[in-house]
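J.: Here's a structure for you.
In the numbering used here, the protein residues as written are 4 to 169.
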């Protein structure tokens, strides 16, 4: 399974927004700058996360993005579904019923075994993502950080965080 690049950008963006102070927001341009990614591409994913209820959007010249929920309430699955949508990664098109000399529908009364196996794997994958929150990711990072990663993020937030009304 291959997830789009937007999933990685979205997860890192949500993790970064978790570091904002009360009432703080970051612009899409600032988030994109920090991660060295395209603003227009990132903006599409930030808007999807906003539609999914993961981010709040504050409009206006002092506006930007902030978390709509606490980091402990946002799972990796929430973010993946917000960016990629709820449809399963594997979509069975029933190609076993195509081609020359197709068999009648009664030959395929049972669901496709391949589809069933793929959907079972997806359930496991989604369950695993649902177990991990942004707070978990940040806690794990804090355990392994010698301080350099935190210092870089804090310095960037100090320069780019905007104050907005909550």
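Even for Gly, the Cβ is constructed at its ideal location relative to N, Cα and C.
Looking at the secondary structure, which residues open and close the beta strand (DSSP E) in which residue 69 lies?
T.: Position 66 of the chain shown, counting from 1, holds the residue named residue 69. Start and end: 67-70.
J.: Given this structure, state the Cα-to-Cα distance separating residue 128 from residue 91, to the nearest angstrom.
T.: Stepping through the chain shown from its first residue, residue 128 is reached at position 125. Stepping through the chain shown from its first residue, residue 91 is reached at position 88. Going from the Cα of residue 128 to the Cα of residue 91 covers about 11 Å.
J.: Quick check on the burial criterion: 16 or more other C-beta atoms within 10 angstroms. Buried or exposed for residue 68?
T.: As a position in the chain shown, residue 68 is number 65, starting the count at 1. Burial call: buried.
J.: Mind checking whether residue 48 and residue 86 have CB atoms under 8 Å apart?
T.: Residue 48 sits at position 45 when you count from the first residue of the chain shown. Residue 86 sits at position 83 when you count from the first residue of the chain shown. Taking 8 Å as the Cβ cut-off, residue 48 and residue 86 qualify as a contacting pair.
J.: Exposed or buried, residue 62, counting other C-beta atoms within 10 Å across all chains shown (16 or more means buried)?
T.: Position 59 of the chain shown, counting from 1, holds the residue named residue 62. Result: exposed.
J.: For residue 22, which residues in the same chain have their Cβ closer than 7 Å to its Cβ, ignoring the five residues on either side in sequence?
T.: As a working mapping, residue 22 is identified with position 19 in the chain shown. 156, 160.
J.: Would you mind sorting residue 33 into buried or exposed? The rule is 16 or more other CB atoms within 10 Å of its CB.
T.: Taking the first residue of the chain shown as position 1, residue 33 is located at position 30. So residue 33 ends up on the buried side.
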